[in-house]
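Take a look at the structure set out below.
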Ligand SMILES: [Cu+2]
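In this note's numbering, the protein residues as written are 28 to 371.
Here it is as structure tokens:
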């Protein structure tokens, strides 16, 4: 009798352990689940917008085929006021256009290499399951276009970048951007969404030197940048580029780090991130002051704007902010909130 009881107990414990294990695998293995998601048979062209803006949220829509068109463009632009640099870009901006899709979407990515370019380029999207993240399939000479398809299996915020040798140089010249794969049902609605990407730049001249600056391979290898900036330019998020929000609004930043070398200690002075999607994945941390974003990594941060004023966005490795350019601002307008903050 007692023996039977022991056997039954052990057996049921084994069964429950086993079924528990199966449940865990089933619920945590998003990639396996999403392979079964059928698209609704329709196709849409992704409407791309320039940073710091992002395409409209996906919301509840069914999975579909999404056509994304990127063009690599080598062009001279401003790295700082009066300082020019020959940027290599996706769609003419640093970072490149923000791509937005959902799990289960089939993405047909067209990569065109502008005919006036000098170098071949390609794209490695960290959201891809496949060789080189698409790099092998998209290696393309100036004047040509490459196309490849992938199914978005994992939700999250991912970096994309050029992966043509010398890879470090292509990335250092500005060839990176973000792709968001929303989960089933979309992300929670917020009032404002912005796209910020940090990058380090290596010029022959010193920080602030005027005129066209050449890339410095020795400084890049030594990991000694002259510039560390948000959105490809010292002051891209200042003045006319300053981000905007109203008191009471919830603000979401999609933050990436193109690197190529430096890890970002991303911080907004005078705000606390109510939520951080750590490393751009599913896990949410709350009440965070500074979040670490490695090169080739990303994070989603959210905060509620409660008190009006100007809030400074920095890499809290603080010499980078005040001496190398990693400084932006978000302006919060609206009524004072003396119960939360009052200057006497
Ligand atoms: Cu490239």
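Positions of the beta carbon are idealized from the N, C-alpha and C atoms, including for glycine.
- Under the DSSP definition of a beta bridge, residue 151 partners with 188.
- Listed by position in the chain, the residues whose beta carbon lies within less than 7 Å of some heavy atom of ligand 1 are 99, 115, 146, 148, 149, 189, 191, 197 and 202.
- From the listed residues 230, 243 and 355, the smallest Cα separation to residue 265 is found for 355.
- Under the three-state reduction of DSSP, residue 196 is assigned to helix.
- Under DSSP, the beta-bridge partners assigned to residue 240 are 112.
- Shown here for residue 371: not one same chain residue has a beta carbon closer than 6 Å to its own, the five before and five after excluded.
- Taking C-beta separations shorter than 6 Å and ignoring five residues to either side along the sequence, the partners of residue 291 in its chain run 225, 284, 320 and 342, following chain order.
- Comparing alpha-carbon positions, the option among 179, 260 and 119 lying closest to residue 91 turns out to be 179.
- Under the DSSP definition of a beta bridge, residue 165 lacks any partner.
- Inter-residue distance for residue 336 and residue 277 is about 15 Å (C-alpha atoms, whole angstroms).
- About 14 Å separates the beta carbon of residue 262 from that of residue 111, a gap too long to meet the 8 Å contact definition.
- Counting C-beta pairs closer than 8 Å gives three or more between the stretch 328-335 and the stretch 288-308, which meets the contact rule.
- DSSP, read as helix, strand or coil, puts residue 96 in strand.
- Here the alpha carbon of residue 246 sits roughly 28 Å from the alpha carbon of residue 140.
- Contact annotation: residue 260 and residue 105 have beta-carbon atoms nearer than 8 Å.
- If the five residues before and after residue 221 are omitted, its C-beta is found closer than 6 Å to the C-beta atoms of 79, 270 and 280, all from its own chain and listed in chain order.
- Boundaries for residue 350: no beta strand (DSSP E) harbours it, while the alpha helix (DSSP H) harbouring it runs 346-350, taken from the DSSP string.
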